[in-house]
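S.K.: Residue numbers (the working numbering): 2 to 156. We treat Cβ as the ideally placed atom computed from N, Cα and C, and that holds for glycine. Please find one structure pasted underneath; my questions will follow.
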Amino acid sequence: MVKKDENGKAHEYKTIKLSEIYNDLNQVRKKTAQKDIDKIEESIRAIGQQTPIGVCFSEETENSDKYKYHLIYGQKRMLAVGNLGKKTIEAKVYVEPKRWTKEQILVEALAENYADTEMDKTEVWDTIREFYFMFNKDLRKIQKTTGLRHKDIKE
């Protein structure tokens with residue numbers, strides 16, 4: 002069943018194949034992707050996956066014969082599930098917009114990861130720097146798009 006969240010993004014919850022997920026190497030968590038993954042594995046082993054990953058459709062998946070979904074957030078959960086030998090994972094599949102841009106994926110990933118667990122400062126800065134050039138050095142646009150405080154962007 003398709004629902005819309007408070008920001009108007011339509012999504013549905015599904016069980017999807019890990020092999021159909023494009024895990025972009027430009028995830029916002031580059032340094033801490035493996036951090037505490039053993040704890041996530043233990044939790045999933047004990048009580049199952051409690052929080053779905055977020056995936057969408059993108060240019061990469063549209064032009065791929067292998068991948069159907071593009072990972073937005075939940076890289077650690079996806080890696081943990083794979084390490085446990087599972088072939089499927091619970092996912093929040095965003096169906097609108099029908100094709101996400103790199104900008105939209107980065108915004109959603111940063112928002113999810115920044116609010117969820119502490120990111121390494123260089124991971125945050127690397128993502129903000131990417132927005133800085135993407136938005137022609139316009140700090141106000143970065144703030145408006147990401148929801149980050151001006152103070153956090155300037156640090």
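1) Report the three-state DSSP secondary structure of Thr147 (helix, strand or coil).
2) Can you find a heavy atom of the ligand NAP that lies under 7 Å from the Cβ of Ile143?
3) Check Lys67 in the structure and name its three-state DSSP category.
4) Quick one: is Arg78 buried, meaning 16 or more other Cβ sit within 10 Å of its Cβ, or exposed?
5) Examine the Cβ distances between the stretch 101-114 and the stretch 64-74 and report whether three or more of them are shorter than 8 Å.
6) Hey, out of Val3, Asn64, Ile45 and Phe136, whose CA is closest to Leu85's CA?
7) Assuming the contact rule is C-beta atoms closer than 8 Å, Ala92 and Ile54 should be a hit. Round their C-beta distance to whole Å, please.
8) Assuming Val82 and Gln51 form a contact by the criterion Cβ under 8 Å, report the distance between their Cβ atoms to the nearest whole angstrom.
9) Under three-state DSSP, which class holds Lys4?
10) Mapping the DSSP letters down to three states, classify Lys18 as helix, strand or coil.
11) Which same chain residues end up closer than 8 Å to Tyr164 when comparing Cβ atoms and leaving out the 5 residues on each side of it in sequence?
M.R.: Let me lay it out:
1) helix
2) As far as ligands go, the structure on display features none, and thus does not contain the ligand NAP.
3) coil
4) buried
5) yes
6) Ile45
7) 5 Å
8) The pair is not a contact, with the Cβ atoms about 12 Å apart (cut-off 8 Å).
9) In the structure shown, the three-state DSSP call for Lys4 is strand.
10) strand
11) The structure shown does not extend to residue 164, since the chain spans only 2 to 156, so no value can be given for it.
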